[in-house]
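Counting from 5, one number per residue, gives the positions in the sequence shown under our numbering. Ideal Cβ positions, reconstructed from N, Cα and C, are used throughout, including at glycine. Remarks on the structure that follows.
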Amino acid sequence: LKRRLSMRINLLFLFLIFSSLLGIACLWDNDTIKMEKQDFPEVYDLLTGNFIRHSEEYYHWKIKDRTQKLKSDPNNPRLYDDLAVAYSKMHQDKKAIELMMQKEKIVPGEYETYANMGTFYLHDGQLEKGIEYIEKAIAINPDAHFGREVYQKYLAEYLLEKGYGKNFELPVSKIIFPNQKDKTFYSFLCKKLKNDPNKELNLEESQKAIKGICGMIKFGNYNSPILLEALGDILSQGSARHSRKSNRNLAILAYYRASQTCNSKSASKIYIQKTEKLARALQDSYNKKDPISNLTKDLDRDIILADKKFQKIRANEIQWIQEGLDVDEKFAEVYYGIQPQPKPEKKEVVEEKLTDENIPAKDSKGEIIFNTLIGIIILAFLAVIVFIIRKNMNKG
5 LKRRLSMRIN
15 LLFLFLIFSS
25 LLGIACLWDN
35 DTIKMEKQDF
45 PEVYDLLTGN
55 FIRHSEEYYH
65 WKIKDRTQKL
75 KSDPNNPRLY
85 DDLAVAYSKM
95 HQDKKAIELM
105 MQKEKIVPGE
115 YETYANMGTF
125 YLHDGQLEKG
135 IEYIEKAIAI
145 NPDAHFGREV
155 YQKYLAEYLL
165 EKGYGKNFEL
175 PVSKIIFPNQ
185 KDKTFYSFLC
195 KKLKNDPNKE
205 LNLEESQKAI
215 KGICGMIKFG
225 NYNSPILLEA
235 LGDILSQGSA
245 RHSRKSNRNL
255 AILAYYRASQ
265 TCNSKSASKI
275 YIQKTEKLAR
285 ALQDSYNKKD
295 PISNLTKDLD
305 RDIILADKKF
315 QKIRANEIQW
325 IQEGLDVDEK
335 FAEVYYGIQP
345 QPKPEKKEVV
355 EEKLTDENIP
365 AKDSKGEIIF
375 NTLIGIIILA
385 FLAVIVFIIR
395 KNMNKG
């Protein structure tokens, strides 16, 4: 019985250890792991912004909340991750980097630290430094976030190759209609993965690249013209001969969306030219009448509808903040269907006051005498039993 009990205790102990490891194995910040349990939205939804995301008000709240929690729990690495990501979302990447450096002193060598640090450096324009930390993260966990860091690294290397810096101008690739010989992000991937820019990626490789860029769009900045252009490059080339024509329609929309989100009229003009050139190629191939106007018209409409949905999310977050609620818990409950864990109830200690009603009454003299006699009789009875037992033992 003792052996079985010991085995059960050991199994339970191992289960608890593995459960705790799985619980922290793929964190970026506390919200990312919840988001990654949801399916990636379709590419079209990413282009329109039709997916669940937080408001600026939420990140302001999160900065205050995690700053306060760190005061009482200064060695909690997850709080550092949460706070740093919130600062990065508010475009304060230098502050985010500083927090990760503090965390590295407390818990050195964590994957989450290096993944975050690499992203923050990239956002801050320090591409070489960003690549350095992303490589450290990949070395620890190459498959985290669906392999997103791998393509994040490739994109940063591509930008460096294209002369990214102070005087850098969009588009990254100025060529209007891409092909295998052009230096687009797709041809860069071919060179990286195939050691030859003229060799095509197969279907699986193209899909992984699309998924990697989509992850950056969803969890980074869905309005980034650089990410949208990279997505357009892969959809227009990587999937052109391996998948449906709808992928190339999405490439048209990705370039068109990049034209809307860039802050340069000249860049916007080139993105539009890319859009029109690719649309005309599709028209010739599939005898489709004027695909660009129909596609972009629907996209513009759906962007407005997606923004209305987002404004409802924003209104909810503002209300929860004003009501003093835990916004993370409410958000997870409403949008992920995750019920909050019940908080332990505080037990109230009630002091019993001594009153005439609850003070036990003193025994009377008669009761004391009676109880004493009963005690004597019991002791005498026990003494007789002990005497008889000893007598029998002596006879034996």
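Going by beta carbon distance, what residues of the same chain come within less than 6 Å of Tyr3, once the five residues before and after it are set aside?
-> Not covered by the structure: residue 3. The range shown for the chain is 5 to 400.
- Query: By Cβ distance below 7 Å, which residues in the same chain neighbour Leu131 in space, the five residues on each side in sequence not counted?
  - Reply: Ala160, Leu163, Leu164, Tyr168
Notebook entry, point to check: So, helix, strand or coil for Pro229, using DSSP?
Noted result: helix
Next item on the list: Say whether the stretch 260-272 touches the stretch 224-236, bearing in mind that this needs 3 or more beta-carbon pairs closer than 8 Å, one atom from each stretch.
Entry: These segments touch.
I believe Cys218 touches Leu205 by the beta-carbon criterion, under 8 Å. Please report the beta-carbon distance rounded to the nearest angstrom. Rounded, the Cβ-Cβ distance is 16 Å, inconsistent with contact.
What do you get for Phe124, buried or exposed, if any count of 16 or more other CB atoms within 10 angstroms of its CB means buried? Taking all protein chains shown into account, Phe124 has 16 or more neighbouring C-beta atoms within 10 Å of its C-beta and is therefore buried.
Would you report the Cα separation of Ser92 and Ala100, rounded to the nearest angstrom? 6 Å
Fill in: Cβ shell of Asp302 (< 6 Å), same chain only, five flanking positions each side left out
none
Using only the alpha-carbon positions, how far apart do Lys109 and His127 sit? 23 Å
Taking the alpha-carbon positions, what's the Lys334 to Phe314 distance? So the two alpha carbons sit approximately 16 Å from each other.
- Message: Would the stretch 111-125 count as touching the stretch 137-153 if we require 3 or more Cβ pairs under 8 Å?
- Response: yes
task: Identify the continuous alpha helix (DSSP H) that holds Asp115 and give its terminal residues.
output: It is Tyr, not Asp, that sits at residue 115 in the sequence shown. The continuous alpha helix (DSSP H) containing Tyr115 extends over residues 115-127.
Quiz item: Taking the runs of the alpha helix (DSSP H) that are 4 residues or longer, which of them lie wholly in the stretch 66-113?
Solution: 81-93, 97-110
Return yes when the Cβ of Gln345 is within less than 8 Å of the Cβ of Glu337, no when it is not.
No, Cβ-Cβ distance for Glu337 and Gln345 is not below 8 Å.
By DSSP, does Phe385 sit in helix, in strand, or in coil? helix
Q) Ordered along the chain, which non-local residues of its own chain (more than five positions away) have a Cβ less than 6 Å from that of Phe172? A) none
Quiz item: Looking at the structure shown, is Phe64 part of a helix, part of a strand, or coil, going by DSSP?
Solution: The identity of residue 64 in the sequence shown is His, whereas the question assumes Phe. Helix at His64.
Ala148: which of Ser268, Glu116, Ser177 sits nearest, CA to CA?
Glu116
**Prompt:** Run through DSSP, which three-state label would Gly167 get?
**Reply:** coil
Beta-carbon separation (whole angstroms), Glu102 vs Arg318, contact threshold 8 Å: Not confirmed; about 28 Å, so no contact.
Quick one: using the 10 Å Cβ neighbour count with 16 as the cut-off for buried, is Val486 buried or exposed?
Residue 486 lies beyond the stretch modelled for the chain, which goes from 5 to 400, so this question has no answer here.
Subject >> 8 Å contact criterion, which Tyr435 and Leu50 should meet: CB distance rounded >> reply: For the chain, the structure presents residues 5 to 400; residue 435 sits outside this window and is missing.
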